[in-house]
Amino acid sequence: MALKIVVLIKQVPDAEEIFIDPVKFTLNRSQARGIINPADENAIEAALKIKDETGAEITVLTMGPPAAETALIECMGRGVDKGILITDRVFAAADTWATSLTLAAAFNIMDDFDIIFAGESTTDSGTGHVGPGVAEFLGIDQVTYSVNTKVEGKNVIVERSLEDGIEVVNVPMPVLITTLIGSNMPRRSTLRMKIDALKKGITVMDHEKLKLPPEWVGIKGSPTVVGSLKIPDEKKREGKKYEVEEIPKLVDDLIEKGAIKIGDA
Amino acid sequence: MVELRGCDPPKNLDEYRDVFVYVQHKNGKIERGSLEMLGMGRELADKLDEKLVGIMVGSDLSKVAEEAANYNCDTVIGIESPDLKTFSSVPFSHFISETVEDYKPNIFLLSGTREGRDLVSRIAIRCNTGVAADCIELDADKQNRLLIAWRPSFGDKTIDQILCRKHRPQMITSRPGSYKLPEKNRRKEVKIDIRKVKVPDKMKTVRVVEFRPKETLDLTTAKTVVSGGFGLGKPEGFKYVEDLAKELDGVVGASRPVVDLGWIPYDHQVGQTGRTVRPHLYVAAGISGKIQHLVGMKDSEFIVSINTDPDAEIVKYSDFYIHGNLYDALPKLTEEIRKRKSGSKNKV
Ligand SMILES: Cc1cc2nc3c(=O)[nH]c(=O)nc-3n(C[C@H](O)[C@H](O)[C@H](O)COP(=O)(O)OP(=O)(O)OC[C@H]3O[C@@H](n4cnc5c(N)ncnc54)[C@H](O)[C@@H]3O)c2cc1C
Ligand SMILES: Cc1cc2nc3c(=O)[nH]c(=O)nc-3n(C[C@H](O)[C@H](O)[C@H](O)COP(=O)(O)OP(=O)(O)OC[C@H]3O[C@@H](n4cnc5c(N)ncnc54)[C@H](O)[C@@H]3O)c2cc1C
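So, in structure tokens, the structure goes:
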């Protein structure tokens, strides 16, 4: 039996394209291009590598607006077998509690699984809580910050990157693994496979299908609320220019301003 | 079948009192961010007229619990078993959640290390409460006994206030390095409560088979960071970066592309997916100043950049900018500082 792998992905606004509306003092996200969250790129690649080596059936799962379909098609263009989009107005403005619940609910509808991959965190709100939250709802083990995963029989051997070293753990499946950003080189999709994916289509689920009452999900089901917003005060910097020949003068200025200290002075 | 449930709030919020801080430790040493949270926890507890409780998990806690008690705690709770020697998400979150459900704290602070982030979400789901992640500022509203947490989002372009009004405990993870380290102070009446527990076999499934320690470089506490970027053009260029760092008693940082290329280990990476640093002096050589790099260093006291391109973003974020080739500028700057140092010695 081929392994069954589920990858959780989120579409995020491209950070380069987010800007702050100077008049309304709000964040303009809607105009930014949607991209696959960078760490999820690594989650997809980790799953595809296992598929290359041992064979596996991979499903990508995302909760988001209808436009997130493009992210699923992109994944299928890389070799992912199925795409599921959880979308419904009642899911809007979910915090990580409600997001984890909603994603976990989809596992009641899908077949059994052996491994779930998620990214370590996203580049928009970046809490890193959704992977472990899903694992808690499913009551399974988790391994976070992985840089490498190898399947060995009914177990996986995972290398995790910690602040002070690499920890290697051996865990039986089923397990949820989060991937460190940059932990592998994601492959590209092929146009041919993307066309096949478009033909095949994706599965869409709403709150009724997931058997989730509206008051459990979205903003209503979320214990945290986002209150007011501040734009951090940027320190004004002068950017005083020096040519290479003027470095002695620069060092004078650095000493005078206290940026560097020479001797005990 | 996954058992689904909504995040029902408790009926009586007033039952929830006191400030919990998760005390992460290794080899008898308390992790720095946890110390910061003990300091912050004390401030919040004083404001709310509540107690500060340190909570830790491990196999041999007596010494390290004593150490935690030196940081102004009213109580230190230790959860101890030979099976809890190394961190593991399921048993750690299980025993902490049990303690939380039993004690009913108002606030629960965790340092946002990899361990803290791994744990926090499981505890919050289990205890039906929310978490504000990666907070850089905390305050309390005494009247409503509410924790006011501030966290950066979207690559630090904004700072958002996160509240958890109806659920308890109000949980947060911190961004380590964003808070002051507290002074040691032991309260006379401090209580140390070590609880022996038995870990069920079904929670012993994760086995650590190997640990490969790496050179630990702590960029976040360095007073001076000299970073090299893609403008170096080749890995050998780091020699000039190192020379300047050495002359300034600093450490070497880097942008992401040069880490990805393997020119320098990941520990040196500054930015959104690396370290956030705020040294006294930050030097950026051959770094363009993309937002993902800027968020990791823009709060430094002084910033010097070296770049051939006067229109590079980094220039706007610099106090001082050297216009030119870093292969000329770096050695010259190192040499000039060396000269001044020996000059100052001669004077004495
Ligand atoms: C400004 C702002 C601040 C916020 N602060 C908080 C906060 O402090 N606490 C809080 O609880 N919520 C917060 N939220 C809400 C949070 O953004 C949402 O809950 C979001 O759905 C998931 O959080 P994340 O982006 O942090 O995901 P992370 O937990 O960082 O994501 C980790 C991984 O989980 C998977 N994943 C995440 N989201 C999805 C999804 N929709 N579909 C499929 N897989 C997914 C991906 O694999 C991803 O790499 C905030 C939202 C905003 C706009
Ligand atoms: C999700 C995500 C996360 C990221 N996280 C990070 C992160 O944590 N940290 C990070 O740094 N980046 C991160 N990045 C990458 C970031 O977007 C930029 O690509 C990166 O910071 C650019 O690095 P650089 O400035 O070294 O290189 P470049 O942008 O290529 O800049 C090189 C600079 O060197 C100058 N130069 C060239 N030759 C010379 C010379 N001889 N002398 C002097 N100057 C010279 C050039 O004018 C240019 O300004 C992330 C990106 C994404 C999408």
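If you read the protein sequences in the order shown, they are chains E and G.
First residue of the first sequence? That's 0 in numbering that gives the first Met the number 0, and the numbers climb one at a time after it.
First residue of the second sequence? That's 0 in numbering that gives the first Met the number 0, and the numbers climb one at a time after it.
Backbone N, C-alpha and C fix where the C-beta goes; we use that ideal spot for every residue, glycine too.
Sequence-distant residues of the same chain with beta carbon closer than 6 angstroms to G:Val347, five excluded per side: By one-based count along the second sequence, residue 347 of chain G stands at place 348. Since pLDDT at G:Val347 reaches only 48, below the 50 mark, its modelled position is unreliable, and no value is offered.
Closer than 8 angstroms at the beta carbon, the chain E residues around G:Pro212: Within the second sequence, residue 212 of chain G is the residue found at index 213, counting from 1. By Cβ distance, chain E contributes Asp163 and Gly164.
Other residues of its chain near G:Val258: CB distance less than 6 angstroms, five sequence neighbours each side excluded: Indexing the second sequence from 1 puts residue 258 of chain G at position 259. Once the five neighbours on either side are set aside, the close Cβ partners of G:Val258 are Tyr265 and Gln268.
Nearest-angstrom Cβ-Cβ length linking E:Gly76 and E:Thr189, presumed shorter than 8 angstroms: Position 77 of the first sequence, counted from the start, is the residue given in the question as residue 76 of chain E. Position 190 of the first sequence, counted from the start, is the residue given in the question as residue 189 of chain E. About 6 angstroms; that satisfies the 8 angstroms criterion.
Opening and closing residue of the beta strand (DSSP E) in which E:Thr101 lies: One-based indexing of the first sequence puts residue 101 of chain E at position 102. For E:Thr101, there is no enclosing beta strand (DSSP E); the residue is found in the alpha helix (DSSP H) stretching over Thr95 to Ala105.
Buried or exposed by the 16-neighbour rule on C-beta atoms within 10 Å, applied to E:Ala92: Here residue 92 of chain E corresponds to residue number 93 of the first sequence, with the count starting at 1. That one is exposed.
Proximity test, G:Phe237 beta-carbon vs ligand 2 heavy atom, cut-off 8 angstroms: Counted from its first residue, the second sequence places residue 237 of chain G at position 238. No.
Partner residues on chain G for E:Leu100, Cβ-Cβ distance less than 7 angstroms: As a working mapping, residue 100 of chain E is identified with position 101 in the first sequence. By Cβ distance, chain G contributes Leu3.
Own chain, CB closer than 7 angstroms to E:Gly125, minus 5 neighbours either side, in chain order: Position 126 of the first sequence, counted from the start, is the residue given in the question as residue 125 of chain E. No residues qualify anywhere along the chain.
Contact shell at 5 angstroms, judged by CB to any heavy atom of ligand 2, ordered along the chain: E:Pro37, E:Thr122, G:Gly228, G:Phe229, G:Gly230, G:Ser254, G:Arg255, G:Pro256, G:Gly270, G:Gln271, G:Thr272, G:Gly273, G:Gly285, G:Ile286, G:Ser287, G:Lys289, G:Gln291, G:His292, G:Asn306, G:Thr307, G:Asp308, G:Ala311, G:Asn324 and G:Leu325
G:Pro90 - containing alpha helix (DSSP H), residue span: Residue numbering aside, residue 90 of chain G sits at position 91 when the second sequence is read from its first letter. That run of the alpha helix (DSSP H) goes Ser88 to Tyr102.
Cross-strand partners of G:Tyr21 (DSSP beta bridge): Numbered from its first residue, the second sequence carries residue 21 of chain G at position 22. Paired residue(s): G:Ile54.
Spatial neighbours of G:Leu280 in its chain, beta-carbon cut-off 6 angstroms, leaving aside the 5 residues before and after: In the second sequence, the residue the question calls residue 280 of chain G occupies position 281. Closer than 6 angstroms at the Cβ level, and outside the excluded window around G:Leu280, lie Thr223 and Phe301.
Complete beta strand (DSSP E) runs within the segment 251-305 of chain G (minimum length 3 residues, chain order): 280-284
Residue-chain proximity (G:Thr220, chain E), Cβ-Cβ < 9 angstroms: Counting from one through the second sequence, the residue named residue 220 of chain G turns up at place 221. With respect to chain E, the C-beta atom of G:Thr220 has no partner C-beta closer than 9 angstroms.
Range covered by the alpha helix (DSSP H) that runs through E:Lys199: Working through the first sequence from its first residue, we reach residue 199 of chain E at position 200. Counting along the chain, the alpha helix (DSSP H) containing E:Lys199 begins and ends at Leu190 to Lys199.
Proximal residues to G:Pro199 (C-beta, below 6 angstroms), its chain only, five neighbours per side dropped: For the purposes of this step, residue 199 of chain G is taken as the residue at position 200 of the second sequence. Cβ within range, chain order: n/a, list empty.
Selected residue, minimal CA-CA separation from G:Lys187, among G:Thr204, G:Ala68 and G:Thr219: Counting from 1 along the second sequence, the entry for residue 187 of chain G is found at position 188. The candidate whose alpha carbon is nearest that of G:Lys187 is G:Ala68.
Candidates G:Pro175, G:Phe229, G:Pro90 and G:Ala221, of which the one nearest G:Glu136 by Cα: Here the question's residue 136 of chain G lines up with position 137 in the second sequence. Taking only the C-alpha atoms, the option nearest G:Glu136 is G:Pro175.
Proximity winner among G:Arg144, G:Leu145 and G:Phe94, relative to G:Ile122 (alpha-carbon distances): The residue labelled residue 122 of chain G in the question sits at position 123 within the second sequence. It is G:Phe94 whose Cα lies nearest to the Cα of G:Ile122.
Residues that DSSP places opposite G:Val224 in a beta bridge: Position 225 of the second sequence, counted from the first residue, corresponds to residue 224 of chain G. BP columns for G:Val224 point to G:Val250 and G:Tyr281.
Length of the line joining the Cα atoms of G:Leu325 and E:Ala67: Start at 1 with the first residue of the second sequence, and residue 325 of chain G comes out as number 326. Start at 1 with the first residue of the first sequence, and residue 67 of chain E comes out as number 68. Roughly 43 angstroms between the two C-alpha positions.
Where the beta strand (DSSP E) containing G:Cys163 begins and where it ends: Indexing the second sequence from 1 puts residue 163 of chain G at position 164. G:Cys163 -> no beta strand (DSSP E), and no H or E assigned at all.
Bridge partner(s) assigned by DSSP for G:Asp7: Here residue 7 of chain G is taken as the residue at index 8 of the second sequence, counted from 1. For G:Asp7, which the question treats as bridged, DSSP gives no partner whatsoever.
Any non-hydrogen atom of ligand 1 closer than 8 angstroms to G:Val130 Cβ: The residue you call residue 130 of chain G lines up with position 131 of the second sequence. G:Val130 Cβ: within cutoff of ligand 1.
9 angstroms Cβ cutoff, G:Asp159 in contact with chain E: By one-based count along the second sequence, residue 159 of chain G stands at place 160. So yes, G:Asp159 belongs to the interface.
In DSSP terms, what E:Gln10 is bridged to: By one-based count along the first sequence, residue 10 of chain E stands at place 11. Beta-bridge pairing links E:Gln10 to E:Ile35.
Interface flag, G:Ala284 vs chain E, CB-CB below 9 angstroms: Taking the second sequence and counting its residues from 1, the one referred to as residue 284 of chain G is at position 285. Not one chain E Cβ lies under 9 angstroms of G:Ala284.
Cα-Cα separation, G:Leu43 to G:Ala132: As a working note, residue 43 of chain G is residue 44 in the second sequence. As a working note, residue 132 of chain G is residue 133 in the second sequence. Between the alpha carbons of G:Leu43 and G:Ala132 lies a gap of roughly 18 angstroms.
Neighbourhood of E:Ser120 by C-beta, 7 angstroms cutoff - its chain only, sequence neighbours within 5 removed: Against the first sequence, residue 120 of chain E aligns to sequence position 121. Cβ neighbours of E:Ser120 within its own chain (closer than 7 angstroms, five residues either side excluded): Ala38, Thr126 and Gly127.
Beta bridge counterpart(s) of G:Leu384 as assigned by DSSP: The first residue shown for chain G is 0 and the last is 347, placing residue 384 of chain G beyond what the model contains.
Residue-level contact to chain E via CB, G:Thr98, 9 angstroms cutoff: For the purposes of this step, residue 98 of chain G is taken as residue 99 along the second sequence, with counting starting at 1. G:Thr98 does not count as touching chain E.
Minimum Cβ-Cβ distance from G:Val347 to chain E less than 9 angstroms: As a working note, residue 347 of chain G is residue 348 in the second sequence. Model confidence at G:Val347 stands at a pLDDT of 48, short of 50, so the residue's coordinates are unreliable; what they give is reported in the following sentence. Yes - at least one Cβ of chain E is within 9 angstroms of the one on G:Val347.
Contact check, G:Lys331 vs E:Ile246, beta carbons under 9 angstroms: Within the second sequence, numbered from 1, the residue matching residue 331 of chain G stands at position 332. Within the first sequence, numbered from 1, the residue matching residue 246 of chain E stands at position 247. The answer is yes: Cβ separation under 9 angstroms.
Three-state class that DSSP yields for E:Ile230 in the structure shown: As a position in the first sequence, residue 230 of chain E is number 231, starting the count at 1. Here E:Ile230 sits in coil by DSSP.
Residues that G:Arg194 bridges to, as DSSP identifies them: Position 195 of the second sequence, counting from 1, holds the residue named residue 194 of chain G. According to DSSP, G:Arg194 bridges with G:Ile78.
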